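Protein chains in written order, with my numbering: chain P, 2 to 412; chain Z, 2 to 412.
Protein chains: 2
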Amino acid sequence: MVQLFQVVTVPEAWAKLWPHVEGVSGAIQRIPLVEALGRVLAQDVISPTDVPGFARSTVDGYAVKAKDTFGASESLPALITVTGEVLMGKAADKMLAPGEGVRISTGGMLPPGSDAAVMIEYTEELDSTTVTVLRPVAPGENVIQAGEDVRTGELVLPKGWQLRPQDLGVLAGVGVAEVRVAAQPKVGIISTGDEIIRPDQVPLPGQVRDINSYTLYGLVQECGGVGKLYRIIPDCFDELRQQVEEALAENDLVVISGGSSVGTRDATARVMEALGEPGVLIHGVSVRPGKPTILGMIGKKPVVGLPGHPVSAMVIFDLFIKPMLWHFQGLRRGKPEAAVRARVSCNVASGPGREDHVRVCLEDRMGKLWAVPVLGKAGLITTMVRADGIFRIPLDKEGVMEGEYVNVRLF
Amino acid sequence: MVQLFQVVTVPEAWAKLWPHVEGVSGAIQRIPLVEALGRVLAQDVISPTDVPGFARSTVDGYAVKAKDTFGASESLPALITVTGEVLMGKAADKMLAPGEGVRISTGGMLPPGSDAAVMIEYTEELDSTTVTVLRPVAPGENVIQAGEDVRTGELVLPKGWQLRPQDLGVLAGVGVAEVRVAAQPKVGIISTGDEIIRPDQVPLPGQVRDINSYTLYGLVQECGGVGKLYRIIPDCFDELRQQVEEALAENDLVVISGGSSVGTRDATARVMEALGEPGVLIHGVSVRPGKPTILGMIGKKPVVGLPGHPVSAMVIFDLFIKPMLWHFQGLRRGKPEAAVRARVSCNVASGPGREDHVRVCLEDRMGKLWAVPVLGKAGLITTMVRADGIFRIPLDKEGVMEGEYVNVRLF
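Here is the structure:
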């Protein structure tokens, strides 16, 4: 028989879960740079090279010795002898003598002996080999030095970094055409419940279409994972056991989702107990909505029995599954979350020892942002569709008062 | 010859560009629901059905007539005759008589004649056919009514809505297994410049690896588009013309990127003029960084000659290409952006008639958030890697003062 579990708080649940999850890490793979957006680096990237490899001009004009321009002005310009032109993409190897300059374009290589670039706007061509310089430049002015962007041996990006567009750019710049990243965690999504049917089926009285599997599939994708939808299983121990076993073999984490009935919950817990150690770790979490949650592990793979109500399932995903999926990927620095501070439009009660997640719409009232709680049961997915975000009332608070500031996570 | 253009402000640039872009919209495609995360709905979705299709219990307990429990208390409980059980997924069609109740699980269908559900916690079983109810329930209590989540004929989600996980859920719930969405805009990315080489090549003196194409590829992906990288073209009119022509045939928008030299800029503008009407619309935008931008259209397809400096290219992408890509997809309500208000740590000057985009790192100083400008030239991609975000100094401001609040877009 399934042992009896006590409802625990979210921190208590994590305290029980973490020792089993901490040592689990996902696979690593090598992928082309262009496929790497949003992926998490599996190793430090150290630059094997200086970027740029040479001093470059940041302007169109003339590469010069800065000291040849010192004191130059419109009334007393400096004279520079133009000895040639730097071709883009070519080495500028002719040493500049005092009083000499060469034509250069933005991005061109500064020739040896030059240490600054004069903008063409501040020069006048006297004849084909002489220009006047109307303003002085300092050494290094209008120049990107060799290694100024990235130095050889420098840490370009650390392990655990989620790659953004500019990160792809810098990796390309240091010559990383393939990148070692965490594999995308695979998540098996099993829908269960005698009343649940597929979206393409027509419900008979008593039946409802599967909502949660599709929401979960999207949530998994947002956390860098890849979902796999399995078929819908009735409230039957043997069928569910067989399906969970198959899903465990094919995935890094298995979510059992769908129905909300006693039968579904019983079958889920019994299957988790039957399939291996440590089995069920947590049965019931004091979070609203989301209480009837079952968390367990089969070996190194978490199995989560999600509550049947769509809002509860989303809250529990956010509290437990999302952190696990990022942990498997070794994430240390990810995308910033969209969030705003807003004042709550009415009193919202919570209970001591329980955390509440409150769906809200945002309203601008005379320039101030207000979070207006969305009324509606946790069984209604449309409350999450209508809401602009969600805020949390932590364990130790018994509610928030009208006008109090809260942090609303936007979606 | 290429006509001479005046540098214009960002609003002026949009005023010139918009009439050419306004009428352009991308293709529409039908895709499976599970592939639709982040995509933009191409039509209003009206529900063909009620969700749920019947009144459901939100608790485990008994479906009853509420009035049979009125006045019930622990000292004077109501007596209910249990006539059976609602099976999950089955029609509950036996009419409830006064004084009767049936066992029901969360999600079960309320039988005709019942209008509420009593939680099992507030009942006691007297014998196999009788329970006492210790608390009254109101009509509708612990029940989700038929159509309470979605009503037949209701607008579930509007055209132009970017799909989130919960939106996939509600679409599944109303039976939408395939969804009509905007096709992903195709963006051809052409790198040009005599000094530019591929990331997998080893630079000789004067050469640098292509950074911008990879950053752009990621930015396009973030805007729901699909990038295609073409080969690197030298500063040669004929080769560039041929490549842009090919890219125009295969894409909805073409970006010419890479080099920063005069030669690259000239070739880009000349190619845009040569390929068709209206050709170059804007040559130079008063934004820092990002001034040497070329915006044009060949027929209904925008062609953008981006500045060569990586930071400039990103700023211009954000100001012009991103809005175009979302416009092609018909986006009206997208993902919220991550942003924070922070105080600027030092005076930052701007010029009148120019907008500035300032890279910053965020620092928490005694509980207050400060935006610390990242020093470094626009040619350094690492300034965008190190920065936490960017803020804008609009046209009409000549700078921001130390301590002033700004809105930092996070990345």
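Where a beta carbon is used, it is the ideal one built from N, C-alpha and C, also for glycine. A quick note: this is a predicted structure, and the numbers were derived from the prediction, not measured.
| Check | Outcome |
| --- | --- |
| Spatial distance of Ala-67/Z from Val-288/P (CA atoms) | 29 Å |
| Contact residues within the region 72-103 of chain P, judged by C-beta distance below 9 Å to chain Z | Val-87, Leu-88, Met-89, Gly-90, Lys-91, Ala-92, Ala-93 and Asp-94 |
| Interface partners of Gln-167/Z on chain P, CB under 7 Å | Thr-216, Met-315, Ile-382, Met-385 and Val-386 |
| Residue from Glu-403/Z, Met-385/Z and Asp-397/Z whose Cα sits closest to the Cα of Gln-167/P | Met-385/Z |
| Proximity winner among Val-316/P, Arg-57/P and Ala-183/P, relative to Gly-39/P (alpha-carbon distances) | Ala-183/P |
| Beta carbon of Ser-26/P nearer than 9 Å to that of Val-157/P | no |
| Under 7 Å from the C-beta of Gln-222/Z: neighbouring residues of chain P | Leu-38 |
| Exposure of Gly-368/P, with buried meaning 16 or more beta-carbon neighbours within 10 Å | exposed |
| is_contact[Val-3/P, chain Z] using C-beta, thresh 9 Å | Confidence is the limiting factor: at Val-3/P the pLDDT is only 46, short of 50, which leaves the residue's position unreliable and the question unanswerable from this model. |
| Proximal residues, the region 136-149 of chain Z versus chain P, C-beta separation under 7 Å | Ile-145 and Glu-149 |
| Local conformation of Leu-220/P per DSSP, three classes | helix |
| CB contact below 9 Å: Ser-115/Z versus chain P | no |
| Residues of its chain near Asp-45/Z, where Cβ-Cβ distance is below 7 Å and the 5 sequence neighbours each way are ignored | Leu-156, Pro-159 and Lys-160 |
| C-beta neighbour in chain Z for Arg-199/P, strict 9 Å | yes |
| Arg-410/Z: CB within 8 Å of a non-hydrogen atom of the ligand ZN | Absent from the structure shown: the ligand ZN. Ligands present: none. |
| Beta strand (DSSP E) runs contained entirely in the region 286-329 of chain P, provided each spans 3 or more residues | 295-299 and 302-306 |
| Beta carbon of Leu-241/P nearer than 9 Å to that of Ile-191/P | yes |
| Span separating the alpha-carbon of Ser-106/Z from that of Leu-127/Z | 19 Å |
| Run of the alpha helix (DSSP H) containing Asp-267/P, from where it starts to where it stops | 263-276 |
| Same chain, Cβ closer than 6 Å to Lys-187/Z, neighbours up to 5 away in sequence not counted | Val-227, Asn-252 and Asp-253 |
| Helix, strand or coil at Val-3/P according to DSSP, with G and I counted as helix | Note that Val-3/P scores 46 on pLDDT, short of 50, meaning its location in the model is unreliable; the coordinates nonetheless yield the value given after this. Coil. |
| Among Leu-42/P, Val-103/P and Leu-381/P, nearest to Ala-83/P - alpha-carbon criterion | For the sequence presented, residue 83/P should be read as Val rather than Ala. Comparing Cα positions, the closest option is Val-103/P. |
| Ser-1/P in three-state terms, based on DSSP | The structure shown does not extend to residue 1/P, since chain P is modelled only from 2 through 412, so no value can be given for it. |
| CB of Glu-196/P within 9 Å of CB of Gly-300/Z, strictly | no |
| Cα-Cα separation, Val-151/Z to Leu-276/Z | 52 Å |
| Identity of the residues DSSP links to Arg-57/P by a beta bridge | Met-110/P and Ile-145/P |
| Reference Ala-173/P, options Glu-86/Z, Tyr-218/Z and Leu-77/Z, closest by Cα | Tyr-218/Z |
| Of the listed residues Val-11/P, Leu-111/P and Leu-34/P, nearest to Asp-211/Z (C-alpha basis) | Leu-34/P |
| Among Gly-189/Z, Glu-75/Z, Leu-205/Z and Pro-206/Z, nearest to Ser-214/Z - alpha-carbon criterion | Gly-189/Z |
| Whole-angstrom distance between Phe-238/Z and Arg-271/Z, CA atom to CA atom | 7 Å |
| Distance between Leu-230/P and Arg-360/Z (C-alpha atoms, nearest Å) | 42 Å |
| Cβ-Cβ distance between Val-285/P and Gln-7/P below 9 Å | The question names Val, but residue 285/P is Gly in the sequence shown. Against a cut-off of 9 Å, the Cβ pair of Gln-7/P and Gly-285/P comes out as a contact. |
| Members of the region 39-59 of chain P near chain Z, C-beta cut-off 9 Å | Gly-39, Thr-50, Val-52, Pro-53, Gly-54, Phe-55, Arg-57 and Thr-59 |
| Exposure of Val-203/P, with buried meaning 16 or more beta-carbon neighbours within 10 Å | exposed |
| Three-way DSSP call (helix, strand, coil) for Pro-49/Z in this model | coil |
| Cα-Cα separation between Val-177/Z and Gly-291/Z, rounded to whole angstroms | 44 Å |
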